[in-house]
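Presented below is the structure to which this report refers.
Protein chains: 4
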Amino acid sequence: MARKPLTQPRKNAVQQRSRATVDALVEATARILVREGFEKASTNRIAEKAGVSIGSLYQYFPCKEALVAAVIDRHNAEIMRVVRSALAEVADRPVAQAVRRLVAVAIEAHRIDPRLHRVLAEQIPRTGRLKNIEAFNREAHALFRSYLEAHRDELRVADVELAAFLCATSIEAVAHTAVLHGNEALSDEATDALVEQATRMVVGYLQ
Amino acid sequence: MARKPLTQPRKNAVQQRSRATVDALVEATARILVREGFEKASTNRIAEKAGVSIGSLYQYFPCKEALVAAVIDRHNAEIMRVVRSALAEVADRPVAQAVRRLVAVAIEAHRIDPRLHRVLAEQIPRTGRLKNIEAFNREAHALFRSYLEAHRDELRVADVELAAFLCATSIEAVAHTAVLHGNEALSDEATDALVEQATRMVVGYLQ
Amino acid sequence: MARKPLTQPRKNAVQQRSRATVDALVEATARILVREGFEKASTNRIAEKAGVSIGSLYQYFPCKEALVAAVIDRHNAEIMRVVRSALAEVADRPVAQAVRRLVAVAIEAHRIDPRLHRVLAEQIPRTGRLKNIEAFNREAHALFRSYLEAHRDELRVADVELAAFLCATSIEAVAHTAVLHGNEALSDEATDALVEQATRMVVGYLQ
Amino acid sequence: MARKPLTQPRKNAVQQRSRATVDALVEATARILVREGFEKASTNRIAEKAGVSIGSLYQYFPCKEALVAAVIDRHNAEIMRVVRSALAEVADRPVAQAVRRLVAVAIEAHRIDPRLHRVLAEQIPRTGRLKNIEAFNREAHALFRSYLEAHRDELRVADVELAAFLCATSIEAVAHTAVLHGNEALSDEATDALVEQATRMVVGYLQ
DNA sequence: CATGAATGAGTGTTCATTCAT
DNA sequence: AATGAATGAACACTCATTCAT
Numbered sequence: 001m002a003r004k005p006l007t008q009p010r011k012n013a014v015q016q017r018s019r020a021t022v023d024a025l026v027e028a029t030a031r032i033l034v035r036e037g038f039e040k041a042s043t044n045r046i047a048e049k050a051g052v053s054i055g056s057l058y059q060y061f062p063c064k065e066a067l068v069a070a071v072i073d074r075h076n077a078e079i080m081r082v083v084r085s086a087l088a089e090v091a092d093r094p095v096a097q098a099v100r101r102l103v104a105v106a107i108e109a110h111r112i113d114p115r116l117h118r119v120l121a122e123q124i125p126r127t128g129r130l131k132n133i134e135a136f137n138r139e140a141h142a143l144f145r146s147y148l149e150a151h152r153d154e155l156r157v158a159d160v161e162l163a164a165f166l167c168a169t170s171i172e173a174v175a176h177t178a179v180l181h182g183n184e185a186l187s188d189e190a191t192d193a194l195v196e197q198a199t200r201m202v203v204g205y206l207q
Numbered sequence: 001m002a003r004k005p006l007t008q009p010r011k012n013a014v015q016q017r018s019r020a021t022v023d024a025l026v027e028a029t030a031r032i033l034v035r036e037g038f039e040k041a042s043t044n045r046i047a048e049k050a051g052v053s054i055g056s057l058y059q060y061f062p063c064k065e066a067l068v069a070a071v072i073d074r075h076n077a078e079i080m081r082v083v084r085s086a087l088a089e090v091a092d093r094p095v096a097q098a099v100r101r102l103v104a105v106a107i108e109a110h111r112i113d114p115r116l117h118r119v120l121a122e123q124i125p126r127t128g129r130l131k132n133i134e135a136f137n138r139e140a141h142a143l144f145r146s147y148l149e150a151h152r153d154e155l156r157v158a159d160v161e162l163a164a165f166l167c168a169t170s171i172e173a174v175a176h177t178a179v180l181h182g183n184e185a186l187s188d189e190a191t192d193a194l195v196e197q198a199t200r201m202v203v204g205y206l207q
Numbered sequence: 001m002a003r004k005p006l007t008q009p010r011k012n013a014v015q016q017r018s019r020a021t022v023d024a025l026v027e028a029t030a031r032i033l034v035r036e037g038f039e040k041a042s043t044n045r046i047a048e049k050a051g052v053s054i055g056s057l058y059q060y061f062p063c064k065e066a067l068v069a070a071v072i073d074r075h076n077a078e079i080m081r082v083v084r085s086a087l088a089e090v091a092d093r094p095v096a097q098a099v100r101r102l103v104a105v106a107i108e109a110h111r112i113d114p115r116l117h118r119v120l121a122e123q124i125p126r127t128g129r130l131k132n133i134e135a136f137n138r139e140a141h142a143l144f145r146s147y148l149e150a151h152r153d154e155l156r157v158a159d160v161e162l163a164a165f166l167c168a169t170s171i172e173a174v175a176h177t178a179v180l181h182g183n184e185a186l187s188d189e190a191t192d193a194l195v196e197q198a199t200r201m202v203v204g205y206l207q
Numbered sequence: 001m002a003r004k005p006l007t008q009p010r011k012n013a014v015q016q017r018s019r020a021t022v023d024a025l026v027e028a029t030a031r032i033l034v035r036e037g038f039e040k041a042s043t044n045r046i047a048e049k050a051g052v053s054i055g056s057l058y059q060y061f062p063c064k065e066a067l068v069a070a071v072i073d074r075h076n077a078e079i080m081r082v083v084r085s086a087l088a089e090v091a092d093r094p095v096a097q098a099v100r101r102l103v104a105v106a107i108e109a110h111r112i113d114p115r116l117h118r119v120l121a122e123q124i125p126r127t128g129r130l131k132n133i134e135a136f137n138r139e140a141h142a143l144f145r146s147y148l149e150a151h152r153d154e155l156r157v158a159d160v161e162l163a164a165f166l167c168a169t170s171i172e173a174v175a176h177t178a179v180l181h182g183n184e185a186l187s188d189e190a191t192d193a194l195v196e197q198a199t200r201m202v203v204g205y206l207q
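In C-alpha cells:
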C-alpha cells in the first residue's frame, strides 16, 4: 500500500526483470523483422535472439501476433509523438507555414526507423488484429483535418474533408515513397527541394 | 521462329493444354488469394482448386512464389494496359485535360479487381522476388514523366523529374486509398468530386 | 506422540495454515476436474484457483499425479465411509435385507458426487500410480465377502469367494451405469424398481 | 465406371500402398497404446513406429483422435463380430442355453486383445468424439434386449427393459473384471465355474 | 507429361517442474 | 515457507516440395 518510499524493493526488482524480458522480446522481434523479414520471425527464433526461453515468451505474450503488435504499437507511438507535437506546434500558424512544417515532419517521421517502417508497412500480413498500421494513419489524418477546419477561413476549398483527405494522403505517400523507395538516402538538398515542392503543391491547392 | 511445321497441330494441342493448365493455376491462385487470403493459399490447395495434380503444378511453376508472381504480373498487365492506352491517348493534349484523364484512369485501374489489388498490395509478404508490385508503379511513373517532359513548356516547375514523382505518387496514393480504404464503394458524385479536386491540386501545381 | 508441547500453539497455527493450503489445492483440483476435465487441470491453473503460488503447490505435492491421487483418495474415503457404515449396520441382518440395503447404498455412493466420480472413473489416465480407483473397489469387495462368509449357512452357493465377486461386481456395475450413464437423473420410482430387481437377482442367486 | 474387370491396375496399386500405410498407422497406434499407454502415444511417435513420415500420418488422419478412434473401431468391430454372431446363433434357443452361451461369449470377447481392451476402456480420455467405446456397449445391450423381448413368454420379469439392463450390465462387468483385473489369466476350470455361476445368477433371475 | 503418396523441417504453443529471490 | 519468473522438452499439426509410378 505504501509506495515510492525511496526504495521499491522486491516487487520493483521483479518488475524490472519482467520489464527487461518484455523489452528484450519486443526488441528481438523488431530486429528480426528488419533483418530477416516477417516470415523468419518465428516465436522460437525471437525467444532465442532475445536470450529468453520460449516459455517466457508465452508468459508475456499470448501469441505471435501480440509480439508483432507490440512492435507496431511501439513504432506508431514514436511516430505519433513527433506528429502530434508538430501539429500542436503549428495549430495557430497560418496554413502556408503549417503545411511546410507538416511535410517536413512527415519525412522526419518516416526516418525514425525506415527499415522497420518498411517491414511494418509492406511485409506484415494485414490479417486479423494486425491492422494497426492504418490506425495510426487514421489518427494523423484526423488531426490534420481538425487543423484545416480550424483554419477554414484561410482556405478556398469547398469541401474541407475531401481536401484534408487529398492533402494528407498525398503528403504521407510522398514522404513514404521518398524515404523508403529512393535508391539512396535523401540528401539534405533533395529533402529541402522535396519539402519546398510538396508544400507548394498542397498550399497552392488549399489557398 | 518457325519450328517443326509438320507436327505443329499436335504440338499446338499440347501447348494449348499447357496454356489451359497454367491459366487454371493462376486463376485458382488469384481466387484463393481474394477469397481466403495469402495464408490459406497453399500449393496443394491451389492445385486442387485448379483441378490439377500437385505434381503438375510444379511442372509449370518452380515454386509457390512463381505462382503468386504470375498473379501479380497478370494483374499488373491489366492495369498497365489501361494506363498505357490512357497515356497514349492524352499524349498530345494540354496538361489540364491530360491530368484530369489520368486521375480518372488511376481510379479506374484500381477498380479493375479491387479485392485482388488489396491482397496483392497488403497481404503478400514482399520477400525475395515478390517485389513486382512496385515494378509496375515504376513504369507508370516513367510514362507520366515522359509526358511531362514532352509538355515541359506548358509547366512552371523547375525540376520536372521531381514534379513527376510528386504528382504520380500523389495521384496513385489518392486513387488507391479512395478505392480500397473507403468504408463503402465510391458513388459517382464522390468520384467526380475526387477527380475534380485532385486534378485542381495537380494542375494548380504544375501550371 | 506428544511433541514439543511448549511451541505447540505456533506449530498448530502453521499446521493449520498448511492444512488449509493443502485442502485448497485438493479442492481446486476437484473443481477443475469436474468443471473442465482432466486435460484442463494444469498445475499452474490449480495453484491459481487455489489462491496459492505454483511454488507452494510443489511444497505440498511432489507432482501433478499426487494432487489427483489426493482427490481420488478423498472421494474414495467418502464413499468408503458410507459403504463401511452400511456393512457394519447390516452385519447381523439376514441376507435378503442386507443385500437390499447394500444395493441402495451402492447407488447412494455413486450419487455423492456423480460428476467427480465420472471424471475419476473415465477421464483420468490410469497411468503409473493412479490406479487407486480400483483400490476402493477391492476394499468394498473384501468387506462384502466377509459378510457373506459370516452368513455362509444362509447361502446355497458352493464357492463363497466366487459368489462375492459375482455379486459385488454386478451391484457396482449396475449402480455405476444407472447413475452415470442414464440420460437423465434417476427418478425415485426408477431407483426403487432398480433396487428391487437387483436385489431379487442377487438374493435369488445367493439363496 | 467399368470396374472389377479382373485387373485393377494403377489405381489398385495406389490403393494398396495407401491401405498399407493406413494399416501400419493403426497398428502402430494400437501397439503403443498397449505397450506404453495413451500418454506416450504422440503422433510423431506413432508415425515413427509405423515407419511412415508424420506428414503421411496427417494425409490419412485429420488429427490424433481420429487415429485412436480407428483403433477403437477396429477393436469394437472384432468384438461385435463375435457378439453378433453369438446372438444370431442363440436367437431361437431357450433362455437358459442362450444366457450360458452369451456369458461365455462375453468372456471370449474380452480375451480377444485384453491389454488393448484395458487401455481402451481405462486409459483413453473419454473426451469429445472418443465416446465410441460406449457405443458398442449400447449395441450389445440393444441386441440382448431384442433377444429377451422375443423370448418374453419364457420370462417371469415384469419390466423386460430393466431386466435387460441389469443382466447385460452384470454380464459385461463380470466378464470385464474377471479377464482384466484377475491377477493371473483365468484357468479353464475357473472360467467354467464363472460361466456356470453367472449363468445361474442371470437365468435364476429371468425365469 | 501426369499423378498423388510421401516427406520432414518447421510452426505456434503448452505445461510440469525448478530455483533464485 | 512462499513466490512467480523462468525453463525447455514435447506436442499436434502444416505445407512446400520431391519422386516413384
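Residue numbers (the UniProt record's numbering), protein chains in the order written: chain A, 1 to 207; chain B, 1 to 207; chain C, 1 to 207; chain D, 1 to 207.
All C-beta atoms in this analysis are idealised placements derived from N, C-alpha and C, irrespective of residue type, glycine included.
Interface annotation, C/F38: in contact with chain D, CB-CB separation under 8 angstroms. For D/P125, the residues of chain C that pass the 9 angstroms Cβ criterion are G37, F38, E39, E122, Q123, I124, P125, in the order they occur in the chain.
Annotation: the continuous alpha helix (DSSP H) that includes D/D188 extends over 188-206. Shown here, C/D153 sits in a helix according to DSSP, grouped into three states.
In this structure, the straight-line span from the alpha carbon of C/P114 to that of C/L180 is close to 7 angstroms. A Cβ-Cβ contact shorter than 8 angstroms links C/L116 with C/A30. Annotation: the continuous alpha helix (DSSP H) that includes C/Q97 extends over 95-111. The DSSP assignment places complete alpha helix (DSSP H) segments of no fewer than 4 residues inside the UniProt domain "HTH tetR-type" (19-79) of chain C at 43-49, 54-60, in order along the chain. No Cβ of chain C is located within less than 8 angstroms of the beta carbon of D/L116. Counting only Cβ-Cβ distances below 8 angstroms, C/L87 has no contacts in chain D at all, with the closest Cβ about 20 angstroms away. In this structure, C/S56 is the residue among C/S56, C/T43, C/R35 with its C-alpha nearest to the C-alpha of C/R17. In the pairwise beta carbon analysis, the region 134-141 of chain B is classified as touching the region 156-169 of chain B: at least three pairs are separated by under 8 angstroms. Take the alpha-carbon of B/E154 and the one of B/P94: they are about 8 angstroms apart. By the rule that beta-carbons nearer than 8 angstroms mark a contact, A/S170 touches chain B. Closer than 8 angstroms to the CB of B/R100 there is not a single CB belonging to chain A. For C/E184, the secondary structure class from DSSP, reduced to helix, strand or coil, is coil. In terms of beta-carbon proximity, C/T177 lines the interface with chain D, with at least one pair separated by less than 8 angstroms. When DSSP states are grouped into helix, strand and coil, C/P125 belongs to the coil group. By the rule that beta-carbons nearer than 8 angstroms mark a contact, D/V68 does not touch chain C. Here D/V82 has V105, E108, A109, I112 as same chain residues with Cβ atoms under 8 angstroms from its own Cβ, once five neighbours each way along the sequence are excluded.
Think of a sphere of 7 angstroms around the beta carbon of A/A198: the chain B residues whose beta carbon falls inside it are L166, in chain order. For D/V174, the C-beta contacts it makes with chain C under 7 angstroms involve L166, T169, S170, in order along the chain.
In this structure, DSSP gives B/A158 a state outside helix and strand, which the three-state scheme calls coil. In the three-state scheme derived from DSSP, where H, G and I count as helix and E and B as strand, D/A91 is classed as coil. By the neighbour-count definition (other C-beta atoms within 10 Å, threshold 16), B/R156 is an exposed residue. Note on D/E184: under 16 other CB atoms within 10 angstroms of its CB, so exposed under the neighbour-count rule. Counting only Cβ-Cβ distances below 8 angstroms, B/D159 has contacts in chain A at A193, Q197, in chain order. Contact with chain B is found for A/L162, since one of that chain's Cβ atoms lies less than 8 angstroms from the residue's Cβ. The C-alpha of D/V26 is placed about 9 angstroms away from the C-alpha of D/R74.
Here C/I54 is exposed: its Cβ has fewer than 16 other Cβ atoms, across all protein chains shown, within 10 Å. With respect to the C-alpha of C/T177, the residue from C/A50, C/L148, C/A24, C/R118 having the closest C-alpha is C/R118. Of the other Cβ atoms in all chains shown, 16 or more fall within 10 Å of the Cβ of B/R100; this residue is therefore buried. One Cα belongs to B/G182, the other to A/A175, and the distance between them is close to 22 angstroms.
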